[in-house]
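Just below is one structure, and these are the notes that go with it.
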Amino acid sequence: MAGRLVILVLRAYQRFVSPLFPPSCRFTPSCSQYAVEAVERYGPLKGGAMAAWRVLRCHPFSRGGVDPVR
1 MAGRLVILVL RAYQRFVSPL FPPSCRFTPS CSQYAVEAVE RYGPLKGGAM
51 AAWRVLRCHP FSRGGVDPVR
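To convert, note that position 70 of the sequence shown is 70 in the UniProt record's numbering; the numbers rise steadily by one, no gaps.
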């Protein structure tokens, strides 16, 4: 139940907020898509923690690259 709510919020962000800004994520998939996949696979607690760690690693000095949910 909580996982569905988190995914709903992430999808709303992807649809309505993200298009207002230029793409800046240094990873593939994007940080918001990574968050959706992590929550779907691991649930809201572990998936949310994984997503938070990913967002913290996504900064101008990061090399970025391909980083799928594992």
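Note that CB positions come from ideal geometry on N, CA and C, so glycine has one too.
- Boundaries of the alpha helix (DSSP H) around Val39: 31-57.
- Listed in chain order, the non-local C-beta contacts of Asp67 below 6 Å within the same chain comprise Phe27, local neighbours out to five positions each way being set aside.
- Note on Met1: under 16 other CB atoms within 10 angstroms of its CB, so exposed under the neighbour-count rule.
- The alpha-carbon of Tyr34 is positioned some 10 Å away from that of Ala52.
- Inter-segment contact for the region 16-26 and the region 41-51 is absent: fewer than three beta-carbon pairs are separated by less than 8 Å.
- Going by DSSP, Arg4 is part of the alpha helix (DSSP H) stretching over 2-12.
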